[in-house]
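Visitor: To start, I am sharing the structure in question, which I have written as structure tokens.
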Amino acid sequence: MNPGDGDHQEIGERHLRVLEALLFAASEPLDPVSFKPYLGAGADVQALLLTLQTRYADRGINLVRRGDKWAFRTAQDLGFLLRREEQETRPLSRPALETLAIIAYHQPSTRAEIEEVRGVATGKGTLDLLMEAGWVRMRGRRRTPGRPVTYGTTDAFLDHFGLESLSDLPGLEELKGSGLLSGRLPPSLQIPLPFDGALREDEDPLDPDDHDHDHDRDHDGEDDDA
Amino acid sequence: MNPGDGDHQEIGERHLRVLEALLFAASEPLDPVSFKPYLGAGADVQALLLTLQTRYADRGINLVRRGDKWAFRTAQDLGFLLRREEQETRPLSRPALETLAIIAYHQPSTRAEIEEVRGVATGKGTLDLLMEAGWVRMRGRRRTPGRPVTYGTTDAFLDHFGLESLSDLPGLEELKGSGLLSGRLPPSLQIPLPFDGALREDEDPLDPDDHDHDHDRDHDGEDDDA
Amino acid sequence: MTTAQTDWFDTPLPPDDDDILYVDVAGYEGPLDLLLDLARRQKVDLASISVLALAEQYLHFVEKVREKRIELAADYLVMAAWLAYLKSRLMVPQAPSDDEPSGEMLAAMLQFRLKRLEAMRRVASQLMNRPRLGFQVHARGMPEPIEIARTSLWEASLYDLLKAYASQRERGISAEYTPLQRTVWSLQDARDILQRLIGDSFEWVPMDSYLVHYLATPGERATVRASTFASSLELVRLGKIDLRQAETFGPLFVRRHKDEAP
Chain E
71 MNPGDGDHQE IGERHLRVLE ALLFAASEPL DPVSFKPYLG AGADVQALLL
121 TLQTRYADRG INLVRRGDKW AFRTAQDLGF LLRREEQETR PLSRPALETL
171 AIIAYHQPST RAEIEEVRGV ATGKGTLDLL MEAGWVRMRG RRRTPGRPVT
221 YGTTDAFLDH FGLESLSDLP GLEELKGSGL LSGRLPPSLQ IPLPFDGALR
271 EDEDPLDPDD HDHDHDRDHD GEDDDA
Chain H
71 MNPGDGDHQE IGERHLRVLE ALLFAASEPL DPVSFKPYLG AGADVQALLL
121 TLQTRYADRG INLVRRGDKW AFRTAQDLGF LLRREEQETR PLSRPALETL
171 AIIAYHQPST RAEIEEVRGV ATGKGTLDLL MEAGWVRMRG RRRTPGRPVT
221 YGTTDAFLDH FGLESLSDLP GLEELKGSGL LSGRLPPSLQ IPLPFDGALR
271 EDEDPLDPDD HDHDHDRDHD GEDDDA
Chain W
164 MTTAQTDWFD TPLPPDDDDI LYVDVAGYEG PLDLLLDLAR RQKVDLASIS
214 VLALAEQYLH FVEKVREKRI ELAADYLVMA AWLAYLKSRL MVPQAPSDDE
264 PSGEMLAAML QFRLKRLEAM RRVASQLMNR PRLGFQVHAR GMPEPIEIAR
314 TSLWEASLYD LLKAYASQRE RGISAEYTPL QRTVWSLQDA RDILQRLIGD
364 SFEWVPMDSY LVHYLATPGE RATVRASTFA SSLELVRLGK IDLRQAETFG
414 PLFVRRHKDE AP
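Protein chains in written order, with our numbering: chain E, 71 to 296; chain H, 71 to 296; chain W, 164 to 425.
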């Protein structure tokens with residue numbers, strides 16, 4: 071090993087320490103971009119994160135990816151030990167749980183599509199509750215008549231349920247295989263997969279006032295789950 | 071190494087993982103006693119904690135002892151990561167502007183003199199702010215009873231306002247000419263020539279502890295410009 | 164290790180007898196939920212349920228509920244109508260010219276929807292049984308927030324500075340100015356006095372001489388003269404007195420108006 075390698079390694083270690091500190095300090099997953107200012111210009115953040123992930127793979131805390139973000143979390147296999155007796159502040163109702171699953175597996179999906187699957191009108195409260203929990207977000211508007219709002223899951227959803235990405239959703243492969251993710255019968259050859267990227271070709275961005283909590287103006291369904 | 075050692079080591083590693091997770095998730099430093107329920111009966115908690123401390127000694131996070139309790143903390147040398155400087159540009163408040171103007175023209179001037187011109191008490195915050203902005207400094211102490219601190223402007227002041235020297239500050243006639251002063255002024259009104267040399271004959275140098283931000287001990291004026 | 168799995172949908176196994184049909188319909192999330200429950204009672208894989216039997220059970224359920232005079236939401240009735248239609252399609256052989264979807268296709272669609280809803284419930288349960296953040300998996304308990312040191316860059320122009328200085332120096336001047344207390348004649352006073360002094364006289368009299376008693380101090384002269392003059396103009400307008408001035412800057416003469424009754 072020549073001295074240059076030693077330097078290189080030293081810098082690498084220093085960078086790893088910086089990432090450790092930043093990731094440890096935060097309780098929320100961090101975007102790799104936020105590390106940039108603290109590392110040298112040429113630092114390969116992704117490689118550093120993967121190195122760190124490997125180092126912590128067997129530890130009591132793991133470095134996990136949540137969508138595009140990263141966070142330290144206690145190891146999943148220790149869950150039985152760390153299980154807290156806390157009650158959920160607001161336990162999810164059945165409709166909310168169903169709606170969440172439908173959005174997660176079918177996203178981007180409109181309210182009408184959610185109702186199609188559930189066979190019942192979705193109360194305004196259900197989507198509000200899921201958005202309030204930070205698990206569901208309005209993504210855009212479907213480019214169809216009425217321009218209904220499309221819903222999708224958030225990074226906080228991934229974080230809460232310990233998923234690296236939507237492809238980790240439990241039972242996804244099975245659902246895909248049985249054609250149950252398609253909206254209509256008969257299942258088309260192209261099985262849509264949950265999509266949480268930027269807007270899809272059939273989605274428009276949200277209107278400027280969509281965030282003023284009037285996302286339900288396209289629907290005045292009764293509240294079936296208040 | 072016999073198989074028994076292997077088991078032993080394995081148990082040790084497992085205990086370390088549990089400690090890591092518990093310490094990580096804890097919302098306050100933990101007493102070693104609190105680990106007991108999570109480890110086997112024979113576990114040497116103290117030894118485990120010291121092992122963990124050694125392991126993390128060079129990392130970006132360290133295991134530190136706080137009294138009898140233990141916690142993970144960002145490595146001290148990386149503390150800078152947790153501080154971020156943000157600059158914002160804000161207009162100077164009117165009281166600050168007035169105080170600065172008086173100091174500029176009347177320097178060296180004491181707080182009492184500033185208040186005499188302004189006709190209102192000058193809050194401690196105003197002078198602090200001007201000193202923080204780097205425009206005003208304590209010059210010395212007036213050789214009068216109470217030895218009040220004298221204030222003057224700094225080079226940064228000249229720099230900010232685009233003045234080569236204090237003598238560039240416009241005088242009475244120039245202020246009149248520019249319409250800033252009205253023509254109807256008593257002949258007694260004088261605009262002083264600011265003095266920016268070293269100490270004047272009626273000024274003493276500052277006391278050694280004057281820089282400890284207690285320059286206001288000579289005055290408890292109300293704050294008129296919070 | 165095993166973690167106790169919770170069925171988040173917590174659907175108790177349906178009882179065997181017909182009691183289920185008497186449960187409050189509000190216990191179901193909707194007609195599809197009810198159908199799913201009925202299908203499960205067939206105790207076979209959803210793929211091999213008898214849709215015909217299912218439709219009949221549903222219709223039977225709706226009948227029973229209506230006998231009990233329980234209001235049914237429109238959703239349930241729409242589904243009942245649809246199932247009645249499905250039943251007829253399934254029982255009547257399809258005519259070759261029929262453009263309508265076959266009963267088998269409709270049944271398959273219903274089956275698909277039931278399977279899909281069941282699948283969504285299954286995965287929802289699986290999701291909720293994952294090691295969830297804050298329950299089995301934890302974030303840093305003592306996050307060290309990033310302190311943001313906000314340094315203010317103060318902005319002020321030389322003009323602002325000079326204006327602030329000039330205006331407070333001027334303010335300082337006016338603060339030292341104490342106005343003299345003057346005796347000021349109000350117009351009403353002047354008018355009363357003037358009328359009283361003129362009295363019944365119809366002679367021209369210099370206005371100043373009427374006021375001679377009041378010109379005690381030179382300082383009051385201006386206000387007395389101004390108020391009296393203004394009042395006199397008012398009195399002329401009212402036709403009570405006459406005013407005369409022979410030459411510019413000459414003395415003002417005043418007398419009682421001739422027509423005025425004493």
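Think of the CB as a built atom: it goes at the ideal place given N, C-alpha and C, for glycine as much as any other residue.
1) Let me make sure I understand the geometry here. Which of H/181, H/241, H/259 and H/198 has the alpha-carbon closest to that of residue 191 of chain H?
2) To test your reading of the DSSP string, which unbroken beta strand (DSSP E) runs of 3 or more residues are found completely within the segment 235-320 of chain W?
3) Any residues in the segment 180-191 of chain H with a beta carbon nearer than 8 Å to a beta carbon of chain W? Which ones, in chain order?
4) Looking only at C-alpha atoms, which of W/410, W/272 and W/243 sits nearest to residue 227 of chain W?
5) With a threshold of 7 Å on Cβ separation, who are the neighbours of residue 218 of chain H within its own chain once the five nearest residues in sequence on each side are excluded?
6) Can you confirm whether residue 82 of chain E, when its beta carbon is compared against all beta carbons of chain H, has any partner nearer than 8 Å?
7) Evaluate residue 116 of chain E with the Cβ neighbour count: other Cβ atoms within 10 Å of its Cβ, from every protein chain shown; 16 or more gives buried, anything less gives exposed.
8) Is it buried or exposed, residue 165 of chain H, if we count other Cβ atoms within 10 angstroms and call 16 or more buried?
9) Figure out for me which residue from H/215, H/186, H/195 and H/223 has the closest Cα to the Cα of residue 204 of chain H.
10) If you follow the beta strand (DSSP E) that residue 404 of chain W is in, where does it begin and where does it stop?
11) Would you say residue 238 of chain W reaches chain E, if we count a Cβ-Cβ gap shorter than 8 Å as a contact?
12) Once you ignore the five residues that flank residue 265 of chain H on each side, which residues in its own chain have a CB closer than 7 Å to its CB?
13) Is the beta carbon of residue 139 of chain H sitting closer than 8 Å to the one on residue 198 of chain H?
14) Report the residue ranges of all beta strand (DSSP E) runs contained in full by the segment 209-242 of chain E; include only those spanning at least 3 residues, in chain order.
15) Rounded to whole angstroms, how far is the Cβ of residue 156 of chain H from the Cβ of residue 309 of chain W, which I believe are closer than 8 Å?
16) Quick one: what's got a C-beta closer than 8 Å to residue 195 of chain W's C-beta in the same chain, skipping five residues either side?
17) What residue range is occupied by the uninterrupted alpha helix (DSSP H) comprising residue 426 of chain W?
18) Along the chain, where does the beta strand (DSSP E) that runs through residue 133 of chain E open and close?
19) Could you check if residue 212 of chain W is buried or exposed, using at least 16 other CB atoms within 10 Å of its CB as the buried criterion?
20) Could you tell me if the beta carbon of residue 168 of chain E falls within a distance shorter than 7 Å of some heavy atom in the ligand FAD?
21) By the three-class DSSP mapping on this structure, what secondary structure does residue 411 of chain W have?
22) For my contact list, residue 122 of chain E and residue 89 of chain E are in at a C-beta cut-off of 8 Å; report their separation, rounded to the angstrom.
23) Would you call residue 150 of chain E buried or exposed, if buried means 16 or more other Cβ atoms sit within 10 Å of its Cβ?
24) Hey, which unbroken runs of the alpha helix (DSSP H) at 4 residues or more fall wholly within the segment 167-214 of chain H?
25) Short check: CB of residue 303 of chain W to CB of residue 105 of chain H, under 8 Å?
26) Since residue 293 of chain W contacts residue 231 of chain E with CB under 8 Å, what's their CB separation in whole angstroms?
27) Just to confirm my understanding: we take residue 92 of chain E, look at its own chain, exclude 5 residues before and 5 after, and list those with CB closer than 8 Å. What are they?
28) Against chain H, does residue 299 of chain W count as a neighbour if the rule is that its beta carbon must be under 8 Å from one of theirs?
29) Applying a beta-carbon distance threshold of less than 7 Å, which residues of chain W neighbour residue 159 of chain H?
30) Give, in chain order, every residue of the segment 215-245 of chain W whose Cβ lies closer than 7 Å to some Cβ of chain E.
31) Which residues in chain W have a C-beta closer than 8 Å to the C-beta of residue 237 of chain E? List them in chain order.
32) Let's see if you can read the secondary structure: which residues bound the beta strand (DSSP E) around residue 139 of chain E?
33) Taking 6 Å as the limit between beta carbons, can you name the residues of its chain near residue 136 of chain H, skipping five residues before and five after?
34) Is the beta carbon of residue 289 of chain W closer than 8 Å to that of residue 240 of chain E?
35) With a threshold of 16 other CB atoms inside 10 Å of the CB of residue 110 of chain H, please say whether the residue is buried or exposed.
36) Classify residue 229 of chain E as buried or exposed, calling it buried when 16 or more other Cβ atoms lie within 10 Å of its own Cβ.
Guide: Reading off the structure:
1) H/181
2) 310-318
3) For the segment 180-191 of chain H, the residues whose beta carbon sits under 8 Å from a beta carbon of chain W are, in order, 187, 188 and 189.
4) For residue 227 of chain W, the nearest C-alpha among the options comes from W/243.
5) 180, 181, 182, 211, 212 and 288
6) So, not an interface residue.
7) Answer is exposed; the Cβ neighbour count stays below 16.
8) buried
9) H/223
10) 404-408
11) Yes, residue 238 of chain W counts as interfacial toward chain E.
12) 177 and 178
13) no
14) 219-223
15) In fact, because the Cβ distance is near 11 Å, the residues do not count as touching under 8 Å.
16) 242, 276, 277 and 280
17) In the structure as shown, chain W begins at 164 and stops at 425. Residue 426 of chain W is therefore absent and cannot be evaluated.
18) Per DSSP, residue 133 of chain E belongs to the beta strand (DSSP E) from 131-136.
19) buried
20) With respect to the ligand FAD, the structure offers nothing, as it holds no ligand at all.
21) coil
22) Confirmed, Cβ separation roughly 6 Å.
23) exposed
24) Taking only runs of at least 4 residues, the alpha helix (DSSP H) segments lying wholly in the segment 167-214 of chain H are 181-188 and 194-202.
25) no
26) 5 Å
27) 100, 104, 105 and 108
28) Look at residue 299 of chain W: its C-beta is not under 8 Å from any C-beta on chain H.
29) Those within 7 Å of residue 159 of chain H in chain W are 316 and 318.
30) So the list reads 238, given in the order they occur along the chain.
31) In chain order: nothing, as chain W lies at least about 14 Å away.
32) 139-144
33) 99
34) yes
35) exposed
36) buried
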